[in-house]
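Following: one structure in structure tokens, then a few remarks.
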């Protein structure tokens, strides 16, 4: 595996350049002889995703490229269709930094993926249970004996499991149809499933088209985690800090320029402005980005569900993951002013 190039790893995961919307630079910056299992002190491979609006803004603005160039580094962007795909890319070494839901990061770490959470990009309400407008389904209890679409290994999947548990049910009371997010919406709208555990922005587009979010619960949504491969943190701590610094700058910018941020989200996710605004309103960016006890408390609720569902072998694996998943150093030292100095020519305070 260490001898595989990033190009071959992308092909193995089905992430060819032709399959990646808006990437445009999937393989740019690939260093000669760089092994997938290894890394480099001069390259940053990271993902962008429609469920992570800050990633779309950073990519569209070209900020990270400017910051990295100042340190003699190159940047390559890879598209993630969901947390499960981001986890696949991290495990395969296709990306060094990937954005997932907190639940998905815990799942990966508990299953021995060597990742650490170095930053938080949002506290979103990006998952809910969705039905068609003419469906008889009104409550979670109404799902007993039906089929529900969800993408396993992502927040919508764990949202479904938590919702079932709160209703005194389990995954055995429904048939979970494992589909990627957009395919889940299609299955719902074509009558193949009774409900879909959705993810924004696909969910917001479905809602605008008439589908109904019949079960919402903010606390069942886990935070947006920015995860890095441990080998990347060892070989390129400067690159990791550049990423986190740029996220800090992007967060400040997005809070000050919401309409432009919404426009970038709309274009990046191929959705209209009204749908993008709906997503933006559900994506809470004004948060403390340092991962810590609050996020771990959320994951502690998810941990037993991972074991019960068979996604993780034992609670011990979950506990070990919880003890090791967070790396606070980079977010604690996030320096948006350093990025502003490069991009805007401002003096760092």
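In my numbering, the protein residues as written are 8 to 356.
The beta-carbon is built from N, C-alpha and C at its ideal position, and this holds for glycine as well.
Q. So is residue 136 buried or exposed if we call it buried at 16+ other beta carbons inside 10 Å?
A. Taking the first residue of the chain shown as 1, we reach residue 136 at position 129. Looking at its Cβ environment, which holds 16 or more other Cβ atoms inside 10 Å, residue 136 is buried.
Q) Could you give the distance in angstroms between the alpha-carbon of residue 107 and the alpha-carbon of residue 128? A) Along the chain shown, read from residue 1 onward, the residue named residue 107 stands at position 100. Along the chain shown, read from residue 1 onward, the residue named residue 128 stands at position 121. Those two C-alpha atoms are separated by around 10 Å.
Q: Measure how close the beta-carbons of residue 150 and residue 194 come, nearest whole angstrom, since I'm counting them as under 8 Å.
A: The residue labelled residue 150 in the question sits at position 143 within the chain shown. The residue labelled residue 194 in the question sits at position 187 within the chain shown. About 14 Å; that fails the 8 Å criterion.
Q.
Along the chain, where does the alpha helix (DSSP H) containing residue 209 start, and where does it finish?
A. Locating residue 209 in the chain shown gives position 202, counting from the first residue. 209-215 is the extent of the alpha helix (DSSP H) around residue 209.
Q: Report buried or exposed for residue 188, applying the criterion of at least 16 other Cβ atoms within 10 angstroms of its Cβ.
A: Locating residue 188 in the chain shown gives position 181, counting from the first residue. Residue 188 comes out buried.
Q: Given a cut-off of 8 Å, decide if residue 211 and residue 305 are closer than it, judged by their beta-carbon atoms.
A: As a first step, residue 305 must be located in the chain shown, where it is residue number 298. As a first step, residue 211 must be located in the chain shown, where it is residue number 204. Contact flag unset, no.
Q. Apart from the five residues on each side of it in sequence, which residues of its chain come closer than 7 Å, Cβ to Cβ, to residue 168?
A. Stepping through the chain shown from its first residue, residue 168 is reached at position 161. Result list for residue 168: 178, 312, 316, in chain order.
**Q.** Reference residue 256, options 163, 341, 76, closest by Cα
**A.** Locating residue 256 in the chain shown gives position 249, counting from the first residue. The shortest Cα separation from residue 256 among 163, 341, 76 belongs to 341.
Q: Pull up the distance between the alpha-carbon of residue 60 and that of residue 248, whole angstroms please.
A: Residue mapping note: residue 60 aligns to position 53 of the chain shown, counting from 1. Residue mapping note: residue 248 aligns to position 241 of the chain shown, counting from 1. The straight-line gap from Cα to Cα measures roughly 20 Å.
Q. For the beta strand (DSSP E) that contains residue 190, what are its first and last residues?
A. Numbered from 1 along the chain shown, position 183 holds the residue referred to as residue 190. Where residue 190 is concerned, there is no enclosing beta strand (DSSP E), although the alpha helix (DSSP H) it sits in stretches over 188-196.
Q. Looking at the unbroken alpha helix (DSSP H) that takes in residue 64, where does it start and where does it end?
A. Position 57 of the chain shown, counted from the first residue, corresponds to residue 64. Its alpha helix (DSSP H) spans residues 60-68.
Q. What are the complete beta strand (DSSP E) segments, minimum 3 residues, inside the segment 231-277?
A. 231-236
Q: Can you tell me which of the three DSSP states residue 90 falls into?
A: Here the question's residue 90 lines up with position 83 in the chain shown. Here residue 90 sits in helix by DSSP.
Q | Length of the line joining the Cα atoms of residue 352 and residue 251 | A | On the chain shown, position 345 is the one that residue 352 refers to. On the chain shown, position 244 is the one that residue 251 refers to. In a straight line, the C-alpha of residue 352 is about 19 Å away from that of residue 251.
Q | Beta-carbon spacing of residue 206, residue 161 below 8 Å | A | Sequence index remark: in the chain shown, residue 206 carries index 199 (1-based). Sequence index remark: in the chain shown, residue 161 carries index 154 (1-based). Cβ distance < 8 Å, so residue 206 and residue 161 count as in contact.
Q.
Give me the DSSP bridge partner(s) of residue 291.
A. If you number the chain shown from 1, residue 291 lands on position 284. Note: residue 291 sits in a beta bridge opposite 130.
Q: Apply the 10 Å Cβ neighbour rule to residue 92 and answer buried if 16 or more other Cβ atoms are within range, or exposed otherwise.
A: Counted from its first residue, the chain shown places residue 92 at position 85. Its Cβ being crowded by 16 or more others within 10 Å, residue 92 is buried.
(Q) the ligand GDP and residue 325: does the residue's C-beta get closer than 7 Å to at least one heavy atom of that ligand? (A) The ligand GDP is absent from the structure shown, which contains no ligand whatsoever.
(Q) Going residue by residue through the segment 291-344, where are the continuous alpha helix (DSSP H) segments of at least 4 residues, counting only ones entirely within it? (A) 300-315, 322-331, 336-339
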